Every structure is written in C-alpha cells, then in structure tokens.
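S.K.: To get the numbering used here, take the position in the sequence shown, counting from 1, and add 3. Positions of the beta carbon are idealized from the N, C-alpha and C atoms, including for glycine. All figures in this text were calculated on a predicted structure; none of them were measured in a lab. This is the structure I want to talk about, given as structure tokens.
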Amino acid sequence: MSAVEQTRYGTAPRHVLGMGRTDRPAPREGQVLVRVRAASVDRGTWHLMAGRPYPVRLVFGLRRPSFLNPGRNLAGVVEEVGQGVTDFRPGDEVYGIASGNGTFAEYAVAKQEKLDRKPTNVSFEQAAAVPVSAGTALEAVRDHARVQPGEEVLVIGASGGVGTFAVQIAHALGARVTGLASGAKLDAVRALGADGVLDHRRDEIPQGRFDAVIDIAGRRPLAQLRRVLTPHGRLVIVGGETGGRLCDGLGRQFRAALLSPFVGQTLGFFVSKERGADLRALTGLIEAGSVTPLVDRVFPLAETAAAVEYLIDGRATGKVVVTV
C-alpha cells in the first residue's frame, strides 16, 4: 500500500516525511482494518514527528520513531475485522483513533473501542478532523472546567483545532462563550457560536469576569490568567507550545497544579484519555447539529508534509485534513 514514511525524527516535515510503499497491516484480535479515506493533522502530529519534547521518545522510540508515520486520526470504511470484533463489519463507515500510529496511509488498524460509526451528516474529511482534537476539547470543557449553563467561558486559542471544538461544546452546554483569537479569524469563531470575540493582539480581556478559562496552546502568565477569572473560577490549561526540548511549556501547568490547593480558584491541566465513550458522545453532538467540524484546508496524501507545515505555521483556522 502507499503510505507516508518517517524513518527519523526532525522538525522540518519535508525532510522527514516522504512517500513509500509498505505491507498492508493485518488486524489482530479486537482490531479493525480500515481503508482510510481521510486523516487529520494536529499539534500532536508535529510532536511525534519531531520527537519533542524529548520524553515523547521514551514511548515512541529513543533514536528513531517506532511507527510508520505520525498520523493518528482517521475516517474510512471497514475492510476487515480481527477475531473478537463484534461492533463492526466490513463496509461500515467509521472514524476514530488508530492503534499506534500510521493513518497517513491507504490502510490503518484501530482497536474497536477507539472507533465509532461516522456521523451521517458529515463527510469523511470532517469526520477525520474530530477524534483527538474534539475529544480533548470535550474533556477540557465538560470534565475539567465543568462548564454549567449560564456561565461565562473564555476560550483562548479559539480558532485552532481544539479551540473550534471547545467553543461549540461550551455553547452546547449553555454557557456564554468568548473566543480569543487573531483578528483575521474572529468571524470564523463567531460563526461557531461564540457570543463574543476578542483579538489577542488588540483587545484587553475583562478582569474577574469568567467562570472558566480554557487556555489552549497559550503562553500567557499564570497570574494574568487568574486575574480574568472570578474568585472561584476554573482554569484548564490544555497546551504550552513554547518550543522547549524538555518540557515545552509544562512548567506553567505544574505551577498551576501546585498553586491550586492554596487559592479559591481551581487551576490545572490534564492529559487526554482518548476514550471511546467520548467519541460516541461527540457523534451524538455532531448528529444533533451542536458541533460541526471546521476544516480549513484539505491536502492529498502525497502532500502530507505540506499539510503539517501549514498547521505549524499558524495559518489554519480549524483543522487540516489529508485525503487518501
């Protein structure tokens, strides 16, 4: 089969991601072989490709990556099922997260519990945009920020892959949502259901106003984030993205968690669990029309490196997708 291949770590996509031919994977017990129709790119794609921060390599290979390529999200059609699979059969349209990595390819395998049937009202490209980013947003908004109807919620990084989902999920939960993004992307954030938008280069964030702040890949100091919260507000830090080789912004997250027990506000971060139950919850939200994946641009498989570059350059509003 045709597949993107990565044989070494590196920060420049064109230098480490290339097209090749490899054997089609076979599903093991409890796994599903999917004929991939689309796969999406997220910040995690770059981290796996670059092997940064360096602790990533403890899991995915010290000297060279142990995976075919850094793709994880997929949408496609079931080709074959392994022993013990009861939820799917060949011909089913599905989406989800692959086992290991390697969704920038014609075929990929996934555990049956990490798949769900593709929502009927979205394309394969839209469905591929959902699993990791929307799952992270759901955990941030529902489980950690514990957003309630009528609350004021600020989403920092509202135009990104996770942020576009966070805005919609918070809105679906009945909150009043303010999205913080760059000026050129504010209309898109407003169209997602944000009640208000702020330009991160020009506008000042109102102090003491927000019951919950979802900070996605931000760099704002912890003290500044605390000032915009109510006295008992909740801060959820989803990313750091400082470019550091060892921690990549995790210092801010750890400081928040250490400070939280000593102040009235709840401050913290989390590591996404990527649960099948969350994927099914997202399917329900999508089919109900409460969440619609926002796809900025679609690249063919042969241009996967360009897709990753487009994302990390900060040009995307929403998700970047690769079609197979």
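1. Do the region 66 to 74 and the region 104 to 119 touch if we need at least three Cβ pairs shorter than 8 Å?
2. Under 8 Å between the Cβ atoms of ARG222 and ALA148?
3. What does DSSP give as the partner residues of GLY79 in its beta bridges?
4. Using the C-alpha atoms, what's the distance from ASP299 back to GLY94?
5. Would you kindly check if the distance between the Cβ of VAL37 and the Cβ of ALA113 is under 8 Å?
6. From the DSSP output, in three-state form, read off ALA220 for me.
7. With H, G and I counted as helix, E and B as strand and the rest as coil, what does DSSP make of LYS114?
8. Within this structure, are the beta carbons of ALA220 and VAL156 separated by less than 8 Å?
9. The ligand MN heavy atoms versus the CB of VAL84: any closer than 7 Å?
10. Check for me: the beta strand (DSSP E) holding SER5 runs from which residue to which?
11. Who pairs with GLY21 in a beta bridge, going by DSSP?
12. Excluding five sequence neighbours on each side, which residues of the same chain lie with their C-beta closer than 7 Å to the C-beta of ILE100?
13. Applying the criterion that 16 or more other CB atoms from any shown protein chain within 10 Å of the CB defines a buried residue, is ASP26 buried or exposed?
14. Which of the three DSSP states, helix, strand or coil, is assigned to PRO56?
15. Enumerate in chain order the residues of its own chain whose CB-to-CB distance from THR139 is below 7 Å, with the five nearest sequence positions on each side excluded.
16. Hey, how far is the Cα of VAL144 from the Cα of GLY271?
17. Check whether the region 306 to 322 and the region 13 to 24 are in contact - that is, three or more C-beta pairs closer than 8 Å.
18. In angstroms with no decimal places, state the Cα-to-Cα distance between PHE273 and VAL80.
19. Return the CA-CA distance between LEU304 and LEU253, expressed in angstroms with no decimal places.
20. Should LEU225 be flagged as near chain D, meaning a C-beta pair shorter than 8 Å?
21. Given a cut-off of 8 Å, decide if THR123 and LEU297 are closer than it, judged by their beta-carbon atoms.
22. Start and end of the alpha helix (DSSP H) containing LEU285?
23. Taking all protein chains shown into account, decide if ARG318 is buried (16 or more other Cβ within 10 angstroms of its Cβ) or exposed.
24. So for GLU142, helix, strand or coil by DSSP?
25. If you follow the alpha helix (DSSP H) that PHE273 is in, where does it begin and where does it stop?
M.R.: Judging by the given coordinates:
1. Yes, the region 66 to 74 is in contact with the region 104 to 119.
2. The residue you call residue 222 lines up with position 219 of the sequence shown. The residue you call residue 148 lines up with position 145 of the sequence shown. For the 8 Å CB-CB criterion, ARG222 and ALA148 do not form a contact.
3. Taking the first residue of the sequence shown as position 1, residue 79 is located at position 76. Partner(s): VAL39, VAL97.
4. Translated into the one-based positions of the sequence shown, residue 94 becomes position 91. Translated into the one-based positions of the sequence shown, residue 299 becomes position 296. One C-alpha to the other measures close to 28 Å.
5. Start at 1 with the first residue of the sequence shown, and residue 113 comes out as number 110. Start at 1 with the first residue of the sequence shown, and residue 37 comes out as number 34. Judged by beta-carbon spacing, VAL37 lies within the 8 Å limit of ALA113, meaning their Cβ atoms are closer than that value.
6. As a working mapping, residue 220 is identified with position 217 in the sequence shown. In the structure shown, ALA220 adopts coil according to DSSP, grouped into three states.
7. Taking the sequence shown and counting its residues from 1, one reaches residue 114 at position 111. Three-state DSSP puts LYS114 in a strand.
8. Locating residue 220 in the sequence shown gives position 217, counting from the first residue. Locating residue 156 in the sequence shown gives position 153, counting from the first residue. Not in contact: ALA220 and VAL156 (Cβ atoms no closer than 8 Å).
9. Because no ligand of any kind appears in the structure shown, any question about the ligand MN cannot be addressed here.
10. Taking the first residue of the sequence shown as position 1, residue 5 is located at position 2. First-last of the beta strand (DSSP E) with SER5: 5 to 8.
11. Within the sequence shown, numbered from 1, the residue matching residue 21 stands at position 18. Per DSSP, the beta-bridge partners of GLY21 are GLU8.
12. Numbered from its first residue, the sequence shown carries residue 100 at position 97. Cβ-Cβ distances below 7 Å link ILE100 to ARG75, ASN76, ALA113, LYS117, PRO134, VAL135, GLU277 in the same chain, with the five nearest sequence neighbours on each side left out; the list follows chain order.
13. Translated into positions along the sequence shown, residue 26 becomes position 23. The residue is exposed, with fewer than 16 neighbouring Cβ atoms inside 10 Å.
14. For the purposes of this step, residue 56 is identified with residue 53 of the sequence shown, where counting begins at 1. Coil, per DSSP.
15. Taking the first residue of the sequence shown as 1, we reach residue 139 at position 136. Same-chain partners within the cutoff: VAL165, VAL241, SER275.
16. Residue numbering aside, residue 144 sits at position 141 when the sequence shown is read from its first letter. Residue numbering aside, residue 271 sits at position 268 when the sequence shown is read from its first letter. Distance between the alpha carbons of VAL144 and GLY271 is about 13 Å.
17. Enough Cβ pairs lie closer than 8 Å, so yes.
18. Position 270 of the sequence shown, counted from the first residue, corresponds to residue 273. Position 77 of the sequence shown, counted from the first residue, corresponds to residue 80. Using only the alpha carbons, I get a separation of about 32 Å.
19. Reading the sequence shown from its first residue, position 301 is the one you call residue 304. Reading the sequence shown from its first residue, position 250 is the one you call residue 253. A direct Cα-Cα distance of roughly 33 Å separates LEU304 from LEU253.
20. The structure shown has no chain D; it contains just one protein chain.
21. On the sequence shown, position 294 is the one that residue 297 refers to. On the sequence shown, position 120 is the one that residue 123 refers to. The beta carbons of LEU297 and THR123 sit no closer together than 8 Å.
22. By 1-based counting over the sequence shown, the position of residue 285 is 282. That run of the alpha helix (DSSP H) goes 279 to 290.
23. The residue you call residue 318 lines up with position 315 of the sequence shown. By the Cβ-count criterion, ARG318 is exposed, with fewer than 16 other Cβ atoms from all chains shown falling within 10 Å of its own Cβ.
24. By one-based count along the sequence shown, residue 142 stands at place 139. Reduced to three states, the DSSP call for GLU142 is helix.
25. What you label residue 273 is simply residue 270 of the sequence shown in a count that begins at 1. In the DSSP assignment, PHE273 falls outside any alpha helix (DSSP H), carrying neither H nor E.
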